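Asks: Residue numbers (the working numbering), protein chains in the order written: chain A, 4 to 182; chain B, 4 to 182; chain C, 4 to 182; chain D, 4 to 182. Think of the CB as a built atom: it goes at the ideal place given N, C-alpha and C, for glycine as much as any other residue. Quantities reported herein were computed from a predicted structural model and do not represent experimental measurements. My structure is below; once you've seen it, I'll send some questions.
Protein chains: 4
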Amino acid sequence: MSELELGSRSSWLSREDLDAARDRMPVLYVHAIPVRVDHAGAVTSVGLLLRAGDHGTIARELIAGRVFHGERIRDAVLRHIEKDLGPMALPLVPVSPTPFTVAEFFPTPGVTAYHDPRQHAVSLAYIVPVSGDCSPQADALDLAWVTPEETSDPALLADMAPGHGALLRHALVHLGFDV
Amino acid sequence: MSELELGSRSSWLSREDLDAARDRMPVLYVHAIPVRVDHAGAVTSVGLLLRAGDHGTIARELIAGRVFHGERIRDAVLRHIEKDLGPMALPLVPVSPTPFTVAEFFPTPGVTAYHDPRQHAVSLAYIVPVSGDCSPQADALDLAWVTPEETSDPALLADMAPGHGALLRHALVHLGFDV
Amino acid sequence: MSELELGSRSSWLSREDLDAARDRMPVLYVHAIPVRVDHAGAVTSVGLLLRAGDHGTIARELIAGRVFHGERIRDAVLRHIEKDLGPMALPLVPVSPTPFTVAEFFPTPGVTAYHDPRQHAVSLAYIVPVSGDCSPQADALDLAWVTPEETSDPALLADMAPGHGALLRHALVHLGFDV
Amino acid sequence: MSELELGSRSSWLSREDLDAARDRMPVLYVHAIPVRVDHAGAVTSVGLLLRAGDHGTIARELIAGRVFHGERIRDAVLRHIEKDLGPMALPLVPVSPTPFTVAEFFPTPGVTAYHDPRQHAVSLAYIVPVSGDCSPQADALDLAWVTPEETSDPALLADMAPGHGALLRHALVHLGFDV
């Protein structure tokens, strides 16, 4: 959910139009947590992007972005995964549209567990097994695969972009891990 | 999800602004299915509104409406229930933000099971037990409580507004009924 | 959930032991609905087994069976899929242990939507994408892939084993289909 | 899930019968997390029992216990809540049978996040709003209401019975808190 994604990479709305719409309605997002699974479907690792922010900062992120007008949620999830992991990732987008959670991002901190200074965004979050070759695309500097246990490392969590750490922990708890 | 709700009853956006935003982004909605439960939490009846539409039509509807900018989902659910059932309904809005389903309404029929000729709307759907006195408000003509078994009556389903019948059936199946 | 599965095919309990245990505690089951998906994760078809019952009857069934003592739920799901679809089915067992529904089967009809004259069984139900070659094994006579739309055919539903039709419909509704 | 619950308080199976059954099949449990909610359904506090164990230990626990043969899951949840919180708690058992998670307890540590040295138990976990007067019953020494924020206190988590801390954290994350 970087500024870049919402600005130059988004072809359907100009920056001005998006800013105007953002002030009027909650913006619908999707978050995807890419995972590797073993033969029995148990998650063995989670994919985290390393991305450069606007002001020289570098942060670990999940995959996230807007749902476009006229686009199905599952197509938005697929588009954002391919945008960040490349065309050979072979993601399996969940069969059901029900997300494992809904994350409500508010410009004011403390309303919910999630905060986004730029906007009121509501994100549907999905866990997405990928079985192919993943390579970071566009402005992603790196893609790291970490084990569920490693995600509770305070150093890793400190590197997560705002809101992404909470959502990562939620995903792992939902998967049955105690992190 | 009547025109009225999106027009005159919505104070945060002018009709022109809303029409403009609708053409640019999916509009975030909530649907609420009000239910009566017994002492063990089993649903005994479902509340359906009878509402007059724009062109002299009358249809049975669930409770539905937009999420406003800056509004939590649970506050939107509460607002729409109070708007339709009155201030004494004593709803118990679900403790978790995860909906039982996400209904994607497209202007073009056939993209998903849901269709809305006016807009691309994405609705988070919740089942809401109410324990107080419910009285239809505003433009709702009547409120009928029907048993889960009665909801499979073809005559009742034929009276449901577009999309509302499918969502009602989904809710009942989610509750464990075979309708 | 045929007698055979609970009898001769189950090596961990003798028929007598199982009958004794069945009279004392609810028996934990899993149901799996095998599906084929397209590139965006949307379900294109559902796999139904044709199985011969004890008394010369033939019925369409989902995949189902007991969870063994000491066995993880995901290993039970995998075991029953391989038992019915063969070792090359390449199932993707869901990443989360949360089922899409819990089906409670009672010996007395009418307690819930599910009925099993032999026992009180509680089944956790999962939708499982399979990407490999499926061939019916053991006592399954055939495996048919039907589209979501075809599952609402009354003739097909009439062929479903008791309880399996309701669970199939629940799965499709959960997937976002209006059947 | 104390020994007492499984022994003297359980009238349907003798201790010997239960021990025999436990060696043969996974035992079906329910866990209930009692909560207080505000007018919009947001959780304001969580109820934790203080219970004396077999060996002079004292631990904080959630509500838990077996599902009896012939008993619906929602009736088991209700029975265990009334057993621990008294007959005036006015619980609202969830309308849907789908749990927020399934906790698999194994005698061997490390198979899953949950461990029970006595048995292989599979527990369906539910969050249950209570609106009445709660008073600890039977062998519960105390009932404490803690805020969601307080549940992340390491001292409190250290007092939780094995497995109960992980399940409490899972419940809070499911509710949208970042603990």
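1. Does the segment 34–52 of chain D come close enough to the segment 148–160 of chain D that 3 or more CB-CB pairs lie under 8 angstroms?
2. Measure the Cβ-Cβ separation of B:Pro139 and A:Thr104 and say whether it is below 8 angstroms.
3. Run the CB neighbour count on A:Leu25, radius 10 Å, all protein chains shown included, and call it buried at 16 or more, exposed below.
4. Looking only at DSSP bridge pairs, what is D:Ile61 linked to?
5. For the ligand COA, is there any heavy atom lying closer than 7 angstroms to the beta carbon of A:Asp41?
6. Report the partner residues of D:Ala3 according to the DSSP bridge assignment.
7. I want to know whether the segment 72–91 of chain B touches the segment 106–114 of chain B - three or more CB-CB distances under 8 angstroms.
8. Three or more C-beta pairs closer than 8 angstroms, one from the segment 66–80 of chain B and one from the segment 116–123 of chain B: is that the case here?
9. Measure from the C-beta of D:Glu6 to each C-beta in chain B and report whether the shortest distance is under 8 angstroms.
10. Any C-beta of chain A within less than 7 angstroms: which residues of the segment 69–96 of chain B qualify?
11. In chain D, what lies closer than 9 angstroms to C:Val33 by C-beta?
12. Which residues does DSSP list as the beta-bridge partners of C:Val40?
13. By a C-beta neighbour count over all protein chains shown, 10 Å radius and 16 as the cutoff for buried, is D:Ile61 buried or exposed?
14. For D:Asp181, would you say it is in contact with chain A, using Cβ-to-Cβ distances shorter than 8 angstroms as the test?
15. Just the C-alpha distance for A:Leu65 and A:His167, rounded to the nearest angstrom, thanks.
16. Looking at C-alpha atoms only, which residue of B:Cys137, B:Ile130 and B:Ala55 is the closest neighbour of B:Leu171?
17. So, helix, strand or coil for B:Arg82, using DSSP?
18. Using beta-carbon positions only, say whether D:Gly59 and D:Cys137 come within less than 8 angstroms of one another.
19. Answer with yes or no whether the minimum CB distance from D:His173 to chain A is below 8 angstroms.
20. Tell me, please, which residues DSSP counts as bridged to C:Arg69.
21. I'd like to know if D:Thr101 contacts chain A, where contact means its C-beta is closer than 8 angstroms to some C-beta of that chain.
22. Please report how far the alpha carbon of D:Gly135 lies from the alpha carbon of C:Asp87, in whole angstroms.
23. With distances taken Cα to Cα, identify the nearest neighbour of D:Val3 among D:Ala141, D:Leu160, D:Val133 and D:Val176.
24. In chain order, what residues of the same chain have a beta carbon less than 6 angstroms from the beta carbon of D:Ala147, not counting five sequence neighbours either side?
25. Out of curiosity, what's the CA-to-CA distance linking D:Leu178 and C:Gly56?
26. Could you work out which residues of chain A lie near B:Leu127, taking near to mean beta carbons separated by less than 7 angstroms?
27. In chain order, what residues of the segment 34–48 of chain D put their CB closer than 9 angstroms to some CB of chain F?
28. Please check the pair A:Arg54 and A:Leu144, which I expect to be a contact at CB under 8 angstroms, by giving their CB distance rounded to whole angstroms.
29. For the alpha helix (DSSP H) containing B:Ala106, list its first residue and its last residue.
30. Considering only DSSP beta bridges, list what D:Pro151 is partnered with.
31. Between A:Leu175, A:Glu85 and A:Asp181, which has its C-alpha nearest A:Ala141's C-alpha?
32. So, is D:Ala35 buried or exposed, given that buried needs 16 or more other C-beta atoms within 10 angstroms?
33. Could you have a look at C:Val146 and say whether DSSP puts it in helix, strand or coil?
34. In whole angstroms, what separates the C-alpha of B:His118 from that of D:Ala164?
35. So with CB distances below 9 angstroms, who are the chain A contacts of C:Ile66?
36. Determine the closest residue to B:Leu31 out of B:Gly73, B:Arg69 and B:Ser155, with distance taken between C-alpha atoms.
Replies: The answer reads as follows:
1. yes
2. no
3. Going by the sequence as given, residue 25 of chain A is Arg instead of Leu. Flag for A:Arg25 reads buried.
4. D:Ala55
5. As presented, the structure is devoid of all ligands, the ligand COA included, so that no description of it is given.
6. Absent from the model: residue 3 of chain D. The displayed extent of chain D is 4 to 182, so no value can be given.
7. no
8. no
9. Its pLDDT being 34, under 50, D:Glu6 is placed unreliably by the model, and the measurement read from it follows with that caveat. With 8 angstroms as the cut-off, D:Glu6 does not count as an interface residue toward chain B.
10. Val70, His72, Gly73, Arg75 and Ile76
11. Neighbours of C:Val33 on chain D: none; closest Cβ ~10 angstroms, over 9 angstroms.
12. C:Val46
13. exposed
14. yes
15. 6 angstroms
16. B:Ile130
17. helix
18. no
19. yes
20. C:Tyr32
21. no
22. 50 angstroms
23. The displayed coordinates of chain D run from 4 to 182. Any statement about residue 3 of chain D would go beyond what the structure contains.
24. Leu51
25. 45 angstroms
26. Val105
27. No chain F is present in this structure, whose protein chains are A, B, C and D.
28. 6 angstroms
29. Note, B:Ala106: premise wrong, no alpha helix (DSSP H); beta strand (DSSP E) at Thr104 to Phe109.
30. Beta-bridge pairing links D:Pro151 to no other residue.
31. A:Glu85
32. buried
33. This sequence places Leu at residue 146 of chain C; Val is not what is there. C:Leu146 falls in the strand class under three-state DSSP.
34. 50 angstroms
35. Result: empty, since nearest Cβ-Cβ is about 15 angstroms, beyond 9 angstroms.
36. B:Arg69
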